[in-house]
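Visitor: In the working numbering, the protein residues as written are -9 to 143.
All C-beta atoms, glycine included, are put in the ideal place defined by N, C-alpha and C.
(1) Which one of 51, 129, 61 has the shortest CA to CA distance from residue 139?
(2) CB residue 34 to CB residue 55, shorter than 8 Å?
(3) Does the beta-carbon of residue -8 have 16 or more other beta-carbons within 10 angstroms, so that it is buried, or is it exposed?
(4) DSSP on residue 94, reduced to helix/strand/coil?
(5) Buried or exposed: residue 49, going by 16 or more other Cβ atoms within 10 Å of its Cβ?
(6) For residue 31, name the three-state secondary structure that DSSP assigns.
(7) Assign residue 47 to one of two classes, buried (16 or more other C-beta atoms within 10 Å of its C-beta) or exposed (fewer than that).
(8) Could you name the residues of the same chain whose beta carbon sits closer than 8 Å to that of residue 84, not counting the 5 residues immediately before and after it, in chain order?
(9) Does the Cβ of residue 96 have 16 or more other Cβ atoms within 10 Å, making it buried, or fewer, making it exposed?
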């Protein structure tokens, strides 16, 4: 079973309902890129009438996490994945629809291959940028993912 935007959005509803109800939605997922969108609304705003930073973080993390999940599934290996570090920069008020993009599928492929070949855990640093409808960057997130092949028992 392939991971698709529709399946990811259903996953959000049942496993991460706060992201789903805040409007986080996967728009596309390919071998190299994941795009997630979220619209500024009453439920996800801060007191300054822009999108709360944590909602942006949920959308940004999903772009990176969905790519990692998809790549792990494609590898055929049972692997664990965990965010071990993250940082973010905010450069403009997030209003309207914000689109987050991670296009580092090839970076993930290399880390998964190395984890499988060596049997050791690997870390991969992935970036997701949030752009408004004018194409202006409003936030920039980095997530460090740890991936490790699960021991066969």
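Guide: Judging by the given coordinates:
(1) As a working note, residue 139 is residue 149 in the chain shown. For residue 139, the nearest C-alpha among the options comes from 61.
(2) To locate residue 34, count along the chain shown from 1; it is residue 44. To locate residue 55, count along the chain shown from 1; it is residue 65. No, Cβ-Cβ distance for residue 34 and residue 55 is not below 8 Å.
(3) Numbered from 1 along the chain shown, position 2 holds the residue referred to as residue -8. Label assigned to residue -8: exposed.
(4) Locating residue 94 in the chain shown gives position 104, counting from the first residue. If DSSP states are grouped into helix, strand and coil, residue 94 belongs with coil.
(5) As a working mapping, residue 49 is identified with position 59 in the chain shown. Label assigned to residue 49: buried.
(6) Taking the first residue of the chain shown as 1, we reach residue 31 at position 41. Here residue 31 sits in coil by DSSP.
(7) On the chain shown, residue 47 is found 57 positions in, with the first residue counted as 1. It is buried - the Cβ of residue 47 has at least 16 other Cβ atoms within 10 Å.
(8) Residue mapping note: residue 84 aligns to position 94 of the chain shown, counting from 1. 30, 40, 41, 46, 120, 122, 128, 129.
(9) Along the chain shown, read from residue 1 onward, the residue named residue 96 stands at position 106. Answer is exposed; the Cβ neighbour count stays below 16.
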